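Read in order, the letters of the sequence shown correspond to residues 0 to 79 in numbering that gives the first Met the number 0. Cβ coordinates follow ideal geometry from the N, Cα and C atoms, glycine included. Values in this document were obtained by computation on a predicted structure and should not be read as measured data. For reference, the structure discussed in these notes is given below.
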Amino acid sequence: MRRSRRRGERIRQEPHTVRVTVLFSESQMEIIERYLRRHPGRSRSDFVRRCVMERIVGDATKHRPTLFDDGEGGEEEQRW
0 MRRSRRRGER
10 IRQEPHTVRV
20 TVLFSESQME
30 IIERYLRRHP
40 GRSRSDFVRR
50 CVMERIVGDA
60 TKHRPTLFDD
70 GEGGEEEQRW
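This is the structure we're talking about:
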């Protein structure tokens, strides 16, 4: 297998320029803070950003349309 990138090579990342506000309950925030204390080195904004994007990408790949989908596969229906 070939490695995807060489040692020391950095992946170029787009700057985060769009601000979004998310409101959590006290108990939800306590859970997030507890997780971040157990896993040091992560910022809260990075953690929330990664969670949201992983969920979106995961749902998009799970529910992507197929060419010959007739709706009779016994698969779960889309909820969105």
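Taking the Cα positions, I30 is about 16 Å away from R49. M52 has its alpha-carbon roughly 16 Å from the corresponding atom of R63. With distances taken between CA atoms, H15 lies nearest to D45 out of R33, T65, D45. The three-state reading of DSSP puts I10 in coil, since its state is none of H, G, I, E or B. When DSSP states are grouped into helix, strand and coil, F67 belongs to the coil group.
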